[in-house]
Amino acid sequence: MMDLKEWSSSSEELNVNRKCCADCKTTKTPLWRGGPAGPKTLCNACGIRYRKRRACWRKGELKKQKQKQKQRWKMLGEEEQAA
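Residue numbers for the sequence shown follow full-length UniProt numbering, beginning at 1 and rising by one.
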């Protein structure tokens, strides 16, 4: 029979090995997703939210890059016309 000390230490070991979401700290999810802390660190819901936020951020960055490219092409075009 297991005494109380052995039982508490084994339950502590289970808690240490239990995976939890890096964002909301949940322990139950149908799928673990990758996040900023690495693969399989976010629960399903937080992983979807993270991916959507990241996609919006990337779209904004791409728009900025395209604007910069257009400005460069305009400057090059003006230089060619001046020459």
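Even for Gly, the Cβ is constructed at its ideal location relative to N, Cα and C.
(1) For residue 27, count neighbouring Cβ atoms within 10 angstroms of its own Cβ and tell me buried if that reaches 16, exposed if not.
(2) In angstroms with no decimal places, state the Cα-to-Cα distance between residue 51 and residue 35.
(3) Do residue 17 and residue 29 have their C-beta atoms closer together than 9 Å?
(4) State buried or exposed for residue 46, treating a residue as buried only when at least 16 other CB atoms are found within 10 Å of its CB.
(5) Classify residue 54 as helix, strand or coil using the three-state DSSP reduction.
(6) Nearest-angstrom Cα distance between residue 59 and residue 20?
(7) Using a threshold of 9 Å, state whether the C-beta atoms of residue 32 and residue 42 are closer than that.
(8) Between 22, 54, 49 and 55, which lies nearest to residue 39 when the distance is taken from Cα to Cα?
(9) Quick check: what's the CA-CA separation for residue 61 versus residue 24?
Judging by the given coordinates:
(1) exposed
(2) In a straight line, the C-alpha of residue 51 is about 8 Å away from that of residue 35.
(3) no
(4) buried
(5) helix
(6) Approximately 30 Å between the Cα atoms of the pair.
(7) yes
(8) 22
(9) 27 Å
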